[in-house]
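Chemist: Handing you this structure, nothing more for now.
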Amino acid sequence: MDYEIVIGLEIHVELSTKSKMFCGCTTEFGGDINTHCCPVCTSMPGTLPVMNKKAVEYAAKAGLAMNCSIANYSKMDRKNYFYPDLPKAYQISQFDLPICKRGYVDIETEGISKRIGITRIHMEEDAGKLLHDQWGKGTLVDYNRCGVPLIEIVSEPDMRSPQEAKDFAEKVRSILQYVGVSDCKMQEGSLRADVNLSVRPTGSSVLGTRTEMKNLNSFRSILRAAESEAKRQIDLIESGGIVVQETRRWDDDAGKSYSMRSKEEAHDYRYFPEPDLVPIELSDSIIEEYKKSLPEMPWDRFRRYTEELGIPGYDASLITVSVKTADFFDRAVESGADPKTASNWIMGDLMKLMKEIDTEEIPFDGSGLSELIALIEKGIISNNIGKTVFEEMFRTGKAAGDIVREKGLEIVSDESALEEIVEKVIDENPKSVADFLAGKEKAVGFIMGQVMKETKGKANPQMINGIIRKKLEALKNM
Numbered sequence: 036m037d038y039e040i041v042i043g044l045e046i047h048v049e050l051s052t053k054s055k056m057f058c059g060c061t062t063e064f065g066g067d068i069n070t071h072c073c074p075v076c077t078s079m080p081g082t083l084p085v086m087n088k089k090a091v092e093y094a095a096k097a098g099l100a101m102n103c104s105i106a107n108y109s110k111m112d113r114k115n116y117f118y119p120d121l122p123k124a125y126q127i128s129q130f131d132l133p134i135c136k137r138g139y140v141d142i143e144t145e146g147i148s149k150r151i152g153i154t155r156i157h158m159e160e161d162a163g164k165l166l167h168d169q170w171g172k173g174t175l176v177d178y179n180r181c182g183v184p185l186i187e188i189v190s191e192p193d194m195r196s197p198q199e200a201k202d203f204a205e206k207v208r209s210i211l212q213y214v215g216v217s218d219c220k221m222q223e224g225s226l227r228a229d230v231n232l233s234v235r236p237t238g239s240s241v242l243g244t245r246t247e248m249k250n251l252n253s254f255r256s257i258l259r260a261a262e263s264e265a266k267r268q269i270d271l272i273e274s275g276g277i278v279v280q281e282t283r284r285w286d287d288d289a290g291k292s293y294s295m296r297s298k299e300e301a302h303d304y305r306y307f308p309e310p311d312l313v314p315i316e317l318s319d320s321i322i323e324e325y326k327k328s329l330p331e332m333p334w335d336r337f338r339r340y341t342e343e344l345g346i347p348g349y350d351a352s353l354i355t356v357s358v359k360t361a362d363f364f365d366r367a368v369e370s371g372a373d374p375k376t377a378s379n380w381i382m383g384d385l386m387k388l389m390k391e392i393d394t395e396e397i398p399f400d401g402s403g404l405s406e407l408i409a410l411i412e413k414g415i416i417s418n419n420i421g422k423t424v425f426e427e428m429f430r431t432g433k434a435a436g437d438i439v440r441e442k443g444l445e446i447v448s449d450e451s452a453l454e455e456i457v458e459k460v461i462d463e464n465p466k467s468v469a470d471f472l473a474g475k476e477k478a479v480g481f482i483m484g485q486v487m488k489e490t491k492g493k494a495n496p497q498m499i500n501g502i503i504r505k506k507l508e509a510l511k512n513m
């Protein structure tokens, strides 16, 4: 029997506010254990929460960027559950009146566009972090993360493959980074995804029993976990078993998931309105202000790059994936670089270095790339030397001109000096000279390569080519 995979994602995103959701503690990542917390976020008796206005603004902007309707009236609720990393034994979240509803995000998987619906985006506070003893003797709790403002983005079950789930998560991350509401650093827990997955016979309209895999913190994990769980469910059904609704934990190193507990439903959490916080009221004018303040989004930049700057759609799609590479490209073009030349450097050398070092940070802005391109176009350095300079710029943050001067990388254009080097190379390579005299043009390229080697790549290639041909033609006429 053929099966169809049905996937919905719940994406938890930490908002980039300076302070926590209901107190003034810092949201900065790291710090000594239990030093970024206070009586409010650790729920000491007699303390009261105060809503973070910036968190509400960020949540609304995220919703607007994902085509949601923003509620004029929403409220906070208490979600009751008992975990050691949640000190008050309930989480302040949103239940029936979330801040954002009915949105969508368009993705492209294997060249096919698809619209993924968003059921809701709601605000809540993050829990702390459990630190398990590696010898299994106990567990400690770090409350630094407790109370950090979160939004949870709940998709419709519109995805039909693990790849679509990965592409959706990547698109959501890109949108959030463009809007500037979260750094989305998955390695720091700023973005985590829960995968809800079920399978059903192809053609059936009845959903199968779903399972949920919690807190996946990489796109690779989302893909692999979904692939593994789909296979597990199909194998279970084919062998006569029954899929149980449960929450599972994904072990990326082992490539397997394990059952954690039965899956809770909404009634298990005993939601009720948070009595210590007033409802959130956003006027149409405030929502319109949020909308007007949104930056140029990736799809808008894609259109501008292809239609106004004339770069190919493939280039534009790669550059606009990250707001940092898009900003870098814009700055390079604003500083005078040819758009296609700049995009070639970004897609080639820049992305290669970012992948090698595993970083999203670029230590200089696009004006630095524009300066480097200008040095090459003016003939001050060769393209090959330019690649070396670019790598040095990326690793040190130094300007292209400074690196060229410090290392003496300017192209040698002294004709008399180059003539001496060419004559030396010709004398040392009689076979190549004989090949040229026999009509083999490749000999010129070999001799040119040897001259470049002698000059450590700093010779003017046009001048070298002319001198070599002049010398060889002279030998032909002797």
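Going by my numbering, 267 is the number at position 232 of the sequence shown; the sequence numbering is gapless.
Beta carbons: idealized from backbone N, C-alpha and C, even for Gly.
(1) Rounded to whole angstroms, what is the Cα-Cα separation between V91 and D437?
(2) Can you have a look at G484 and say buried or exposed, based on whether 16 or more other CB atoms are within 10 angstroms of its CB?
(3) Is K136 near the ligand PLP, going by C-beta to nearest heavy atom under 7 angstroms?
(4) Considering only C-alpha positions, which residue in the set S196, I420, M221 and V439 is nearest to E264?
(5) What is the rounded straight-line gap between the Cα of D470 and the Cα of K477?
(6) Report yes if the CB atom of R259 is closer than 8 angstroms to the CB atom of D287, and no otherwise.
(7) Between which two residues does the alpha helix (DSSP H) carrying T490 extend?
(8) Going by DSSP in three states, I12 sits in which element: helix, strand or coil?
(9) Roughly how far, in whole angstroms, is the beta-carbon of V176 from the beta-carbon of L165, given that I think they are within contact range, below 8 angstroms?
(10) Thinking V140 and K206 are a contact (beta carbons under 8 angstroms), I'd like their distance in whole angstroms, please.
(11) Could you round the C-beta distance between I151 and S190 to whole angstroms and report it? I think they count as a contact, below 8 angstroms.
(12) Counting pairs of beta carbons, one from the stretch 378–388 and one from the stretch 353–363, are three or more of them closer than 8 angstroms?
(13) Leaving aside the five residues before and after P496 along the sequence, list all residues of the same chain whose C-beta is less than 8 angstroms from its C-beta, in chain order.
(14) With a 10 Å radius around its C-beta and 16 neighbouring C-beta atoms as the bar for buried, classify V279 as buried or exposed.
(15) In the DSSP output, which residue or residues are listed as bridge partners for M158?
(16) For R255, does the three-state DSSP call read helix, strand or coil?
(17) Can you name, in chain order, every residue of its own chain whose Cβ lies under 6 angstroms from the Cβ of L50, other than the five neighbours on each side?
(18) Report the residue from M221, M101 and K442 whose alpha carbon sits nearest the alpha carbon of D585.
(19) Under 8 angstroms, with one C-beta from each stretch per pair, do the stretch 110–120 and the stretch 301–315 reach the 3-pair mark?
(20) With DSSP as the reference, label S515 as helix, strand or coil.
(21) So, is V313 buried or exposed, given that buried needs 16 or more other C-beta atoms within 10 angstroms?
(22) Can you tell me whether R338 is helix, strand or coil according to DSSP?
(23) Quick one: what does DSSP say M86 is sitting in, helix, strand or coil?
(24) Take the Cβ of G421 as the centre, count every other Cβ of all protein chains shown within 10 Å, and call the residue buried at 16 or more, exposed below.
(25) Please name the residue, chosen from T376, Y38, P122 and G474, that lies closest to S239 on a Cα-to-Cα basis.
(26) Taking only runs that begin and end inside the stretch 446–488, name each unbroken alpha helix (DSSP H) of 4 or more residues, in chain order.
(27) If you compare alpha carbons, which of V457, D303 and F254 is closest to Y116?
(28) Let's see if you can read the secondary structure: which residues bound the alpha helix (DSSP H) around Q169?
(29) Less than 8 angstroms between CB atoms is the rule here; does W334 satisfy it with respect to chain B?
Modeler: Put simply:
(1) Looking at the two C-alpha atoms, the distance is approximately 46 angstroms.
(2) exposed
(3) With respect to small molecules bound, the structure shown includes none, and the ligand PLP cannot be examined in it.
(4) S196
(5) 8 angstroms
(6) yes
(7) Neither: T490 is in no alpha helix (DSSP H) and is coded neither H nor E.
(8) The structure shown does not extend to residue 12, since the chain is modelled only from 36 to 513, so the question has no answer here.
(9) 6 angstroms
(10) Correct: roughly 5 angstroms between the Cβ atoms.
(11) 6 angstroms
(12) yes
(13) S417, M483 and M487
(14) Counting the other CB atoms within 10 Å of its CB gives V279 a total below 16, which places it among the exposed residues.
(15) I186
(16) helix
(17) A90, Y93, P184, V216 and S217
(18) Since the first and last residues shown for the chain are 36 and 513, residue 585 lies out of range.
(19) Touching, yes, given that three or more Cβ pairs across the two stretches are closer than 8 angstroms.
(20) This structure gives no information on residue 515, because the portion of the chain shown stretches from 36 to 513.
(21) exposed
(22) helix
(23) In the three-state reduction of the DSSP assignment, M86 falls in the coil class.
(24) buried
(25) Y38
(26) 450–463 and 465–472
(27) D303
(28) Element bounds for Q169: n/a, residue is neither H nor E.
(29) Among the chains of the structure shown, chain B does not appear; only one protein chain is present.
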